[in-house]
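Engineer:
2 protein chains.
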Amino acid sequence: MSKKLPKRSEDYSAWYNETVKRAGLAENSPVRGCMVIKPYGFAIWEKMQRALDDMFKATGHENAYFPLFVPKSFLEKEEEHAEGFAKECAVVTHYRLKADPDGQGLIVDPEAKLEEELIIRPTSETVIWNSYKNWIQSWRDLPVLINQWANVVRWEMRTRLFLRTAEFLWQEGHTAHATEQEAIEETEQMLGVYADFVENWMAVPVIQGLKSPAERFAGAVETYCIEALMQDGKALQAGTSHFLGQNFAKSFDVQFVNRENELTYPWATSWGVSTRMMGALVMAHSDDSGLVLPPKLAPIQVVVVPIYRQPEDLAKINEKVQPIVENLRSLGVSVKIDDDDKYKPGYKFAEYELKGVPIRLGIGMRDLENGTIEIARRDNLTKETLPIEGIEDKIVKLLDEIQDAIYNKALTFREDNTFVVDTWDEFKDQIEKGGFVMAHWDGSAETEDKIKKETKATIRCIPLNSMEMAGECVYSGNESAKRVVFARAY
Amino acid sequence: MSKKLPKRSEDYSAWYNETVKRAGLAENSPVRGCMVIKPYGFAIWEKMQRALDDMFKATGHENAYFPLFVPKSFLEKEEEHAEGFAKECAVVTHYRLKADPDGQGLIVDPEAKLEEELIIRPTSETVIWNSYKNWIQSWRDLPVLINQWANVVRWEMRTRLFLRTAEFLWQEGHTAHATEQEAIEETEQMLGVYADFVENWMAVPVIQGLKSPAERFAGAVETYCIEALMQDGKALQAGTSHFLGQNFAKSFDVQFVNRENELTYPWATSWGVSTRMMGALVMAHSDDSGLVLPPKLAPIQVVVVPIYRQPEDLAKINEKVQPIVENLRSLGVSVKIDDDDKYKPGYKFAEYELKGVPIRLGIGMRDLENGTIEIARRDNLTKETLPIEGIEDKIVKLLDEIQDAIYNKALTFREDNTFVVDTWDEFKDQIEKGGFVMAHWDGSAETEDKIKKETKATIRCIPLNSMEMAGECVYSGNESAKRVVFARAY
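Top to bottom, those sequences are chains A and B. Each residue of the first sequence is one higher than the one before, counting from 964 in the working numbering. Each residue of the second sequence is one higher than the one before, counting from 964 in the working numbering.
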């Protein structure tokens, strides 16, 4: 922690990469497009997983695990799905290496060629619906409400830590229902779970909406999404929930006998969020000093840095601090005391700023005399000196306050950067400047495509909770039922 | 749940497979050698994960995540390691599919051939030590204490649910230390953690020991293991902890400046347990009625089955049962009430026996009148009718009792099936009958190999906690320092 980070205002992209690396979240690996998630980053991911997993279970879902490999023939069964993923598939063709007869090292054994190639799952609809064929025979077997935590691979050409990597970690829910209505309700429920999580845990406000047909998941009838705005004015899709209709049931010939004793196809949903959320977390809140973590996802919520010269002073400080730390832990607060003497307090302060620890407590000999402690907030970088007596309650309240403050700051930012636009010139101008641009669109894929080509803006979503209000398409002048959200996006 | 399971005494292997499938733990997938872990099985695995993860963190380890792909050149760097894994590698050679120009469907795009093939990790020493090169420069960076929960692939020709599958789930710890002594201590500490978990959570007694050189992990200086005995008299290796010396540090050129300001190589360990433990859990305890789960790992510890004819009777029963269920839950017991009216109580009883739920409570109208409840133990299939008053405390105690009883039963079984043998004829005879056979071995790989060829028995381990007591090798008659454990094994 010697060099400063790049400034967001000067080079947002470099700032992001450096923040991710130097805060110890992740780094690039020599394996093309794959990242290493480092312990501090993984600790945040674990907190995300735990919170989401509890929410999935509270809504009746169970975890399971399906194979990493998708036989090529499975992928081919749902045509749109196949088309959507074929171009980014890692393909296993052989199952053995052997010593190179012409030299040193290993070569692929040509005799160990697979009869059918295996794809590393880019998503698991196919392999899971193939299993559901055996699981679903009667209405009594429905609904099937399953989630999987897994790694997936999509061979991306341009990758970025967390935001776009060849391999990433995610969860994918795959449910089957007796009726269309129930499946749609599930799709919407899980979108709501994601919105709840992203807003209340990650402290990132989102717009809930539908994707345009062109942006739908390959094989879906309808894709719901949550869209967040990053500090550089670009949008980021934080999660998707798909209503799959009967597409996969038909492709994999899954039928069941319904209550009316008729043989019919179940209705499906799938939904996922990934380590991409880690990127959103960094880009939504962090500043030029490093990470800013919402307390609910911070691996360390409070760090205590004793300030001392002599070992006997440290002992005195520890004596004062230890009961406070224990009280905080019993209140469910994660606390670290950093009395490592390899580094000076100033160095440590910068380090915990970089790592986004929400509250830092500093205590020295003068504080001991005065019965005080210094409390520093990471989110707004303010400090104050308070009586040490009863500090635990203050900290617990402050953690909630910080969580809210971070959310409100992001919300204000989004509101300040959401623009209603009615002319094509305004549109182009605003897209160039960034932010969410609310504009009328005529509903045609052609217009959508032209707008994208001319401005690099995509329709982030057709908001769910906005009124129908007719107008004219900002590009074609044709009729439009309501405004949609445009932005450039990650 | 109509058909009975095969009997262990008649066809142990069929009994195992049917138990795993019908209890809803796992099933084979159409993807060669890969299994689907079903929700009930996965719930047990999650309990295992949570307990182990807590133990890893309590011993100072952090989780991280490294790439799925190992470049072929990484595998080649440590010669023994490469040799050990080359024959079972799933190899990614291409990164794209395309529409078949000669017909329907997809083919591998020959233009999307990777310059260097990628192996799906069979284990991650290589990819992790490649990262450690950047993480370790000074003694201040040590120790590095990292664990990863991940899927790995080893292309096995003959697979069996949980016991041997091409893809399996596991954790792999990878640590780096400044001194040899510290690394050996870590290796032994983690073996102890595994033994603690397997004995105290899985209720399976284990022998801790060292592998013979021939059975060592490819690339290790020393492999420690825990060995358990299954009900059919075969051994199962439940976990391994490897002291890797400086082999991987040297192969990946990882050096650090020690406290004496010298550039030197760190010392390494790696250690892992996998979904194979699920197989051990089933085979150690279960019986001809299905699973027997130790309470600490049972997803449902107590099931309540109301016995009633009329809906109003159910309401009365529920009124009585609900506060008990809430009390139990507040005591940390996981309870399910099964008042599903699709099935009869007799069917449900058999189903929960099959699923190994440790305690079943049955309550009918007569019980309501008498103030009683029927309590059935899964482990010994006994039932008794007890006053319902204060039943919660009884249940909490009984769960502990059952945990102990299951362990003690397995321990007695192991003791009854551990044989000390001194002649070659006795040896062959006993190996044929099964069990752990304690015999002298001259320490040579040649003898070990001949014994294996003649009897299919392997040296499971050289026990850590047994006295040196000289004798003569059961095969060669040569000198031997102590007895080792032989068995046929999974």
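Every residue, glycine too, gets a C-beta built ideally from N, C-alpha and C.
(1) Listed in chain order, which residues of the region 1035-1057 of chain B have Cβ atoms closer than 9 angstroms to some Cβ of chain A?
(2) Roughly how many whole angstroms lie between the Cα atoms of K1456/B and V1320/B?
(3) Could you have a look at M964/B and say whether DSSP puts it in helix, strand or coil?
(4) Could you spell out the range, first to last residue, of the beta strand (DSSP E) harbouring V1033/A?
(5) Do the region 1263-1273 of chain A and the region 1310-1328 of chain A touch if we need at least three Cβ pairs shorter than 8 angstroms?
(6) Is there a Cβ of chain B sitting closer than 8 angstroms to that of Y1028/A, yes or no?
(7) Short of 6 angstroms in beta carbon distance, which residues of its chain neighbour F1032/A, apart from the five on each side in sequence? Order them along the chain.
(8) According to a CB-to-CB cut-off of less than 8 angstroms, which residues of the region 1086-1102 of chain A neighbour chain B?
(9) Taking S1237/A as the reference, which of G1047/A, C1052/A, A1129/A, V1284/A has the closest Cα?
(10) The beta strand (DSSP E) that contains N1110/A, what's its start and end?
(11) Report the three-state DSSP secondary structure of Q1171/B (helix, strand or coil).
(12) Hey, out of A1075/A, A1261/A, I1189/A, Q1209/A, whose CA is closest to I1425/A's CA?
(13) Which chain B residues sit within Cβ distance under 8 angstroms of R1059/A?
(14) List, in chain order, every chain B residue whose beta-carbon is nearer than 7 angstroms to that of F1219/A.
(15) With 7 angstroms as the limit, tell me which residues of the region 981-1002 of chain A have their beta carbon closer than that to any beta carbon of chain B; keep them in chain order.
(16) Among N1371/B, K1307/B, K1357/B, whose alpha-carbon lies nearest the alpha-carbon of P1257/B?
(17) Counting only C-beta atoms, is E1080/A closer than 8 angstroms to chain B at any point?
(18) For L1199/A, which beta-bridge partners are listed by DSSP?
(19) Strictly by DSSP, which residues pair up with R1323/B?
(20) Inspect the beta-carbon positions of D1195/A and Y1003/A and report whether they are closer than 8 angstroms.
(21) Output the distance between the C-alpha atoms of I1091/A and S1214/B, rounded to the nearest integer angstrom.
(22) Going by DSSP, name the residue or residues bridged to D1250/A.
(23) Listing by chain order, which chain B residues have their CB less than 9 angstroms from the CB of N1224/A?
(24) Taking 8 angstroms as the CB-CB limit, is A963/A close to chain B?
(25) Measure how close the beta-carbons of L1207/A and T1232/A come, nearest whole angstrom, since I'm counting them as under 8 angstroms.
(26) Are A918/A and E1135/A touching if we call contact CB-CB under 8 angstroms?
(27) Return the chain-ordered ranges of every alpha helix (DSSP H) run that is complete within the region 992-1026 of chain B and spans a minimum of 4 residues.
(28) To the nearest angstrom, report how far apart N1333/A and A1158/A are at their CA atoms.
(29) With the cut-off set at 8 angstroms, would you say K1346/B and E1337/B are in Cβ contact?
(30) What residues match up with G1208/A in a beta bridge as DSSP calls it?
(31) What does DSSP give as the partner residues of F1123/A in its beta bridges?
(32) Taking all protein chains shown into account, do 16 or more other C-beta atoms lie within 10 angstroms of the C-beta of R1103/B, making it buried, or fewer, making it exposed?
(33) Quick test of your reading: E1025/A and L1108/A, contact by CB under 8 angstroms. State the CB separation rounded to the nearest angstrom.
(34) A986/A to G1253/A, Cα distance in whole Å?
(35) Is it the case that the Cβ atoms of I1263/B and S1297/B are separated by a distance below 8 angstroms?
(36) To the nearest angstrom, report how far apart K1498/B and L1260/A are at their CA atoms.
Structural biologist: Judging by the given coordinates:
(1) K1035, S1036, F1037, L1038, E1039, A1045, E1046, F1048, A1049, K1050, E1051, C1052, A1053, V1054, V1055, T1056, H1057
(2) Residue 1456/B cannot be examined here, being either before or after the span of chain B that is shown, 964 to 1453.
(3) Because the pLDDT at M964/B is just 47, under 50, the model does not fix this residue reliably, and the value given afterwards should be weighed accordingly. M964/B falls in the coil class under three-state DSSP.
(4) 1032-1034
(5) yes
(6) yes
(7) L1081
(8) V1090, N1093, S1094, N1097
(9) A1129/A
(10) 1107-1116
(11) strand
(12) I1189/A
(13) A1049, K1050, E1051, C1052, V1054, W1118
(14) None at all; the shortest Cβ gap to chain B is about 15 angstroms.
(15) S992, P993, V994, C997, V999, I1000, K1001, P1002
(16) N1371/B
(17) yes
(18) A1191/A
(19) V1266/B, A1339/B
(20) no
(21) 40 angstroms
(22) G1253/A
(23) Here the premise fails: no neighbours, minimum Cβ distance about 16 angstroms.
(24) Nothing can be reported for residue 963/A, as the shown portion of chain A is limited to 964 through 1453.
(25) 6 angstroms
(26) Since the displayed chain A opens at 964 and closes at 1453, residue 918/A lies outside it and no answer follows.
(27) 1002-1021
(28) 46 angstroms
(29) yes
(30) A1231/A
(31) Correcting the residue identity first, residue 1123/A is Arg in this sequence and not Phe. Answer by DSSP bridge pairing, in chain order: R1127/A.
(32) exposed
(33) 7 angstroms
(34) 7 angstroms
(35) yes
(36) The structure shown does not extend to residue 1498/B, since chain B is modelled only from 964 through 1453, so no value can be given for it.
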